[in-house]
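Read through the structure below, which is laid out as structure tokens, and then see the notes.
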DNA sequence: CTATTGATGTTCT
DNA sequence: GAACATCAATAGA
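Residue numbers (my numbering): 3 to 207.
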């Protein structure tokens with residue numbers, strides 16, 4: 003029952019807290035909010051989820067809006083798996099699939115494990131603050147690629163761990179889209195220094 | 001700090 | 001052709 007491992011803190015969280023696939027079988031907005039404070043670990047690298055965005059099937063900004071295509075099949079597959087897409091022909095971005103046609107985009111994490119590996123993939127000229135702060139940066143740091151599309155988040159080496167305690171969450175409009183900008187479907191850990199962008203309004207101490 | 005722009009490949013009009 | 005769930009480099013205030 004003792005889950006606060008006193009040694010170091012470099013180890014992933016207790017496998018008892020690994021989120022099951024059923025935890026994702028809900029609307030993306032619900033999951034996106036709930037995932038703030040969770041831990042994302044892929045192949046021994048990752049950290050605390052500090053920023054997410056929700057995308058839904060009836061949402062003009064979503065890749066699932068026009069129905070199932072070749073590149074977005076994962077969004078219509080089982081929940082709790084990865085949906086990976088290429089952004090602007092350059093970056094590989096990571097989602098977790100929720101209910102059918104729903105997905106949550108991981109926009110930023112606070113890097114806590116596998117730092118050397120992530121820095122090697124990103125390049126050593128950036129500090130911790132810019133290592134995983136943005137969907138493209140995060141994808142590069144975690145070594146995301148087309149091979150990960152459809153991969154299940156179902157184990158300690160490739161999974162999501164529930165937050166040990168509730169965290170303060172802020173919400174605002176999504177970033178980098180031109181349609182359906184009115185929905186506050188971007189979520190962040192209040193006051194985090196690892197966001198891709200600050201949330202307008204009071205969140206500083 | 002803000003604003004601008006090139007890179008780059010897939011998908012849509 | 002144009003748009004795109006982006007980033008990094010650059011120029012200027």
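Note that CB positions come from ideal geometry on N, CA and C, so glycine has one too.
{"Check": "Coil, strand or helix - residue 15 by DSSP", "Outcome": "coil"}
{"Check": "Residue 123 versus residue 24: straight-line alpha-carbon distance, rounded", "Outcome": "32 Å"}
{"Check": "Residue 182 (DSSP reduced to helix, strand or coil)", "Outcome": "coil"}
{"Check": "Beta-carbon spacing of residue 154, residue 82 below 9 Å", "Outcome": "yes"}
{"Check": "Stretch pair the stretch 96-113 + the stretch 32-49: three plus CB contacts closer than 8 Å", "Outcome": "yes"}
{"Check": "Any 3 or more C-beta pairs closer than 8 Å across the stretch 177-196 and the stretch 104-112", "Outcome": "yes"}
{"Check": "Beta-carbon contacts of residue 136 that lie in its chain and below 6 Å, excluding the five residues immediately before and after", "Outcome": "198"}
{"Check": "Helix, strand or coil at residue 35 [DSSP, three-state]", "Outcome": "helix"}
{"Check": "Residues near residue 181 in its chain [Cβ-Cβ closer than 8 Å; skip 5 each side]", "Outcome": "62, 63"}
{"Check": "Cβ-Cβ separation, residue 172 to residue 201 (assumed contact under 8 Å), whole Å", "Outcome": "5 Å"}
{"Check": "Sub-9 Å separation of residue 85 and residue 147 beta-carbons", "Outcome": "no"}
{"Check": "Residue 103 beta carbon less than 9 Å from that of residue 87", "Outcome": "no"}
{"Check": "Spatial neighbours of residue 101 in its chain, beta-carbon cut-off 7 Å, leaving aside the 5 residues before and after", "Outcome": "27, 28, 29, 81"}
{"Check": "As assigned by DSSP and simplified to three states, the class of residue 138", "Outcome": "helix"}
{"Check": "Limits of the unbroken beta strand (DSSP E) element including residue 55", "Outcome": "47-57"}
{"Check": "Euclidean distance between Cα positions of residue 52 and residue 38", "Outcome": "5 Å"}
{"Check": "Closest by C-alpha distance to residue 145, when choosing among 32, 19, 48, 36", "Outcome": "48"}
{"Check": "Given residue 54 as reference, the closest of 118, 65, 34 once Cα atoms are compared", "Outcome": "34"}
{"Check": "Which residues DSSP lists as bridging residue 94, in chain order", "Outcome": "88"}
{"Check": "Proximity below 9 Å, CB of residue 115 to CB of residue 46", "Outcome": "yes"}
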